[in-house]
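First comes the structure, then the notes that go with it.
Numbering (the numbering used here), first residue to last: 14 to 130.
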């Protein structure tokens, strides 16, 4: 799994042309992954202001706004790929535009959870 971390304020500071270039770069990578049959799926996440953190403390559910990370960058989305090696995943992540201004986390998926219908 490639976890996309970015600072939304940094993206907003870019010109329209710079933003369009980033989206074109992402589109190119997605086309490559699709053609290579390496793309499993992915999604962008809504703004961090819409997130909630849920904890159970002494049996009581506590819900707070946001992730409360003391950083400007946050998890902005993810892409799931099926590649033959960690090196290939790192190569893909290194080309993702957010790797230049934020970070890309590469993490193997331990298990797939299925839900019976």
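Cβ coordinates follow ideal geometry from the N, Cα and C atoms, glycine included.
Within 8 Å, strictly: CB atoms of residue 66 and residue 59: Residue numbering aside, residue 66 sits at position 53 when the chain shown is read from its first letter. Residue numbering aside, residue 59 sits at position 46 when the chain shown is read from its first letter. No; because the gap between Cβ atoms is not below 8 Å, this pair is not in contact.
For residue 24, three-class secondary structure by DSSP: Position 11 of the chain shown, counted from the first residue, corresponds to residue 24. Correct three-state label for residue 24: helix.
Residue 52 beta carbon less than 8 Å from that of residue 94: Against the chain shown, residue 94 aligns to sequence position 81. Against the chain shown, residue 52 aligns to sequence position 39. Closer than 8 Å, so yes.
Where the alpha helix (DSSP H) through residue 14 begins and ends: Against the chain shown, residue 14 aligns to sequence position 1. No alpha helix (DSSP H) contains residue 14, which DSSP labels as neither H nor E.
CB contact flag (residue 15, residue 116, <8 Å): Along the chain shown, read from residue 1 onward, the residue named residue 15 stands at position 2. Along the chain shown, read from residue 1 onward, the residue named residue 116 stands at position 103. For residue 15 and residue 116, no; Cβs fall outside 8 Å.
Span separating the alpha-carbon of residue 79 from that of residue 88: Translated into the one-based positions of the chain shown, residue 79 becomes position 66. Translated into the one-based positions of the chain shown, residue 88 becomes position 75. In a straight line, the C-alpha of residue 79 is about 11 Å away from that of residue 88.
Reference residue 122, options 39, 43 and 102, closest by Cα: Counted from its first residue, the chain shown places residue 122 at position 109. Taking only the C-alpha atoms, the option nearest residue 122 is 102.
Closest residue to residue 36 among 18, 110 and 23 (Cα-Cα distance): If you number the chain shown from 1, residue 36 lands on position 23. If we check each option's Cα against that of residue 36, 110 comes out closest.
Own chain partners of residue 55 with C-beta closer than 7 Å, once the 5 adjacent residues on each side are dropped: Sequence index remark: in the chain shown, residue 55 carries index 42 (1-based). Excluding positions up to five away in sequence, the list reads 90, 91, 92 and 93.
Cβ-heavy atom distance, residue 52 to the ligand FMN, below 7 Å: No copy of the ligand FMN appears in this structure; indeed no ligand is present at all.
Limits of the unbroken beta strand (DSSP E) element including residue 90: As a first step, residue 90 must be located in the chain shown, where it is residue number 77. Where residue 90 is concerned, the enclosing beta strand (DSSP E) stretches over 87 to 94.
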